[in-house]
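So the sequence shown is residues 1 to 74, counted in this note's numbering.
See below for the structure under consideration.
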Amino acid sequence: MFALVAAFVFIGSFLLAAGTIVGMLMLYHDKMVAALTFEPIPREAPVYRLRISRRRAAPSTRRAVPVLAAALAA
């Protein structure tokens with residue numbers, strides 16, 4: 001008797017799982033086809049070219065003040 005109940009529970013759970021899988025496949029068939037036909041990876045890898053430029057300091061037009069003269073003035 002126990003084996004009969006166990007077999008019934010096992011077969012019932014298997015049929016429930018199989019029915020759920022088939023139902024999900026039927027419900028989401030269009031979305032799965034769209035996801036499988038979508039091509040997210042481009043055929044050619046993008047190439048990035050970086051150009052790094054440093055701005056050079058312009059020469060100063062002012063005359064440099066000696067440190068000693070600036071210290072005496074203060």
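All C-beta atoms in this analysis are idealised placements derived from N, C-alpha and C, irrespective of residue type, glycine included.
Computed from a predicted structure; not experimentally measured.
Please classify residue i: does DSSP put it in a helix, a strand, or coil?
| i | result |
| --- | --- |
| Thr-20 | helix |
| Ser-13 | helix |
| Val-47 | coil |
| Met-32 | helix |
| Thr-61 | coil |
| Met-1 | coil |
| Phe-8 | helix |
When you compare only the Cα positions, how much space is there between residue i and residue j?
| i | j | result |
| --- | --- | --- |
| Thr-37 | Tyr-28 | 14 Å |
| Ala-34 | Thr-20 | 21 Å |
| Arg-49 | Met-24 | 46 Å |
| Met-32 | Arg-51 | 43 Å |
| Ser-53 | Met-26 | 58 Å |
| Met-1 | Leu-15 | 21 Å |
| Ile-11 | Ala-3 | 12 Å |
| Leu-58 | Glu-44 | Reading off the sequence shown, one finds Ala at residue 58, where the question assumed Leu. Going from the Cα of Ala-58 to the Cα of Glu-44 covers about 43 Å. |
Excluding the five sequence neighbours on either side, which residues of its own chain have a C-beta within less than 8 Å of the C-beta of residue i, listed in chain order?
| i | result |
| --- | --- |
| Val-22 | none |
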